[in-house]
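For reference, the structure is listed below as C-alpha cells.
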Amino acid sequence: MRKVMWRYWTASFLVICVLNKLLLISEGSSSDYVSSSSSSVSAVIMFGDSIVDTGNNNNNILSPARSNFPPYGRDFIGSKPTGRYSNGKVPSDLFAEGLGVKELLPPYADPNLTPKDLLTGVCFAVGGVGYDAYTSKLADVPALSDQLEKFKEYIEKLKGIAGEEKTKMILSNSIVFVVLSSNDIANTYFNSISIRRWQYDASSYTDLLVKYATDFIKELYGLGTRRIGVIGAPPIGCVPSQRTMGGGLERNCYDEENQVAIMFNSKLSSSLDYLTKHYVNHDARLAYIDIYYPLLHVIQNPTQYGFKISKKGCCGTGLIEAAKTCNSLDKTCVDANDYVFWDAYHPTEKAYKIIVKDIIKSLYEVHNF
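So in our numbering, spot 302 of the sequence shown is number 302, and the numbers just go up one at a time.
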C-alpha cells in the first residue's frame with residue numbers, strides 16, 4: 001500500500017512539475033524580446049538622443065527637437081503623443097520590456113514618477129543631443145553633461161528610497177544604454193552652417209567624438225554602473241532625410257556620411273575594448289553594440305522583414321519631415337508597419353523591434369551580460 005501511495009504522489013509531483021514548466025514556457029513566449037536571463041536586470045537606464053527619448057524635451061518650447069504632438073504616437077498606447085519620436089514605442093521601452101523590467105521606460109522629466117518607476121529605471125535621453133556639446137547647442141537643448149547631472153540627482157533619489165547599499169546593488173545590476181552620434185554626424189559635421197567641418201577633418205572629428213564618449217562612459221562607471229551597452233552610429237546616410245539632402249536625384253544613400261559613421265564606430269569599438277582591458281574591474285561589462293549593419297540590411301532588404309518602403313518615411317512626403325516639421329498638418333501613411341521609417345529620420349516601432357530583439361540576444365550570447 002505504501003509503495004502504491006509513493007508511486008501515486010511521485011507521479012502527481014512529476015505531472016505538476018511538467019505543467020509548471022509548460023506554463024512558464026507559454027508565459028515566456030508572450031514577448032519576442034524577453035531574455036531567459038532577464039531576472040538579473042534590476043533596472044534599465046537610458047542616455048542618448050531622439051532615438052531613445054521618451055519625453056524629456058516636451059517642455060522645451062524653444063527647441064525644434066520635440067515630438068509631443070500628432071501624428072507622433074499615432075499607434076502608441078491610447079494613440080497619444082508623448083514625446084517619443086515614432087508612431088509607437090521606441091528602443092527605451094522595448095529594452096525595458098525585452099529585459100523583463102517593465103513595459104515602458106518613463107522620462108526622468110515626468111513629474112508623476114513613482115518610487116517604483118525610479119527603482120526600475122528611467123530615460124535621461126533628449127532629442128537633438130550629441131556627444132559634442134556644440135551639437136546640442138545647434139538644437140537648443142541641454143548638453144550631454146546635463147544628462148549626467150540628472151543621473152547623479154537620480155542616484156540621490158534612489159538612496160532616499162532604498163538606502164545606500166541597495167542603491168549600489170540596483171546600479172550594478174542595471175543595464176545602461178548610451179545611444180548617441182547620429183546628430184553629431186548628420187546635424188553638426190555635415191551641417192553647412194556648422195563650424196565643426198572647418199575645424200576638423202573627418203578623422204579628427206571622430207577622434208573628438210570618441211574621446212567625449214569614452215569620458216562619459218568612465219563617468220557612468222565611476223558612479224556605480226557595471227553593465228553598459230554603447231550603441232554605435234547607424235547608417236545615417238541611408239535615412240530618408242539624408243538621402244534627400246545628399247543622395248542626388250536618385251536619393252541614394254549619402255555615402256560620405258556613412259563613411260564617417262563607419263570610421264566613428266571602428267574607433268568607438270576599439271576604445272571600449274581598451275577600457276575593458278585597462279580601466280574597469282572584472283565585474284564590469286562594456287559592450288560596443290553595432291546597429292550599422294543590422295539596420296542597413298533592413299533598409300536594403302525591406303521585404304525580407306515585412307516592409308514595403310525603406311527610402312521614405314510614413315509622415316508627410318516622407319522625404320524631409322521630422323520633429324516639428326512632421327505635425328498635424330501632415331498626412332501619414334495608412335499602415336506604418338509597411339515602412340522602415342516613421343518620419344524622415346526615425347524608424348517605426350516595427351523596425352525598432354527587429355533591431356532591439358537582436359541586440360538583447362547579443363547582450364547575453366556575445367557580451368556575457
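For each residue, glycine too, the CB sits at the ideal point set by N, CA and C.
Sorting Cys253, Glu365, Val334 and Val41 by C-alpha distance to the C-alpha of Lys311 places Cys253 at the top.
Around the CB of Lys89, 16 or more other CB atoms lie within 10 Å, so the residue is classed as buried. Within a 10 Å sphere around the beta-carbon of His346 sit 16 or more other beta-carbons, which makes this residue buried.
Considered as a whole, the region 121-167 harbours 133-138 and 144-162 as its complete alpha helix (DSSP H) runs of no fewer than 4 residues, in chain order. Between Pro107 and Gly55, the CB-CB gap stays under 7 Å.
For Ser310, the uninterrupted beta strand (DSSP E) segment begins and ends at Ile309 to Gly313. The DSSP-derived three-state label of Leu208 is helix. In the displayed model, Leu319 falls within coil according to three-state DSSP, outside both helix and strand. Between Gly222 and Lys168, the CB-CB gap reaches or exceeds 7 Å. Judged by DSSP secondary structure, Arg197 falls within the alpha helix (DSSP H) whose first and last residues are Arg196 to Gln199. From the listed residues Pro111, Asp117 and Ala186, the smallest Cα separation to Asp132 is found for Ala186.
Residue nearest to Glu103 within the set Val129, Val44 and Ala125 is Val44 (criterion: CA-CA distance). Look at Gly229 here: in three-state DSSP terms it is strand. Exclusion of the five residues before and after Lys267 leaves Thr206 and Val210 as the residues of its chain whose Cβ lies within less than 6 Å of its Cβ.
In this structure, the beta-carbon distance from Tyr72 to Ser50 does not fall below 7 Å. Within a 10 Å sphere around the beta-carbon of Leu99 sit 16 or more other beta-carbons, which makes this residue buried. Using a Cβ distance threshold of 7 Å, Arg227 and Asp283 do not count as a contacting pair. In the DSSP assignment, Thr332 is bridged to Cys315. DSSP, read as helix, strand or coil, puts Phe190 in coil.
Under DSSP, Ala287 shares a beta bridge with Gly229. Boundaries of the beta strand (DSSP E) around Val179: Ile175 to Val179. A contact between stretches requires three or more CB pairs, one per stretch, nearer than 8 Å, and the region 338-353 meets this requirement with the region 297-308.
With a cutoff of 7 Å on beta-carbon distance, Ser42 and Ser174 are scored as near each other. For Gly246, the enclosing alpha helix (DSSP H) covers residues Pro240 to Gly246.
By the 16-neighbour rule on beta-carbons within 10 angstroms, Ser79 is exposed.
DSSP, reduced to helix, strand and coil, places Gly48 within a strand of the structure shown.
The beta carbons of Ile299 and Ile231 sit about 17 Å from each other, so the pair does not count as a contact at 8 Å. A contact between stretches requires three or more CB pairs, one per stretch, nearer than 8 Å, and the region 238-250 meets this requirement with the region 311-322.
By the Cβ-count criterion, Trp198 is exposed, with fewer than 16 other Cβ atoms from all chains shown falling within 10 Å of its own Cβ. Straight-line measurement puts the Cα of Gly130 at about 19 Å from the Cα of Val122.
Taken atom to atom, the span from the alpha-carbon of Val126 to that of Gly48 is near 6 Å. When Ser203, Phe190, Ser145 and Asp201 are compared, the shortest CA-CA separation from Asp215 is found for Ser145.
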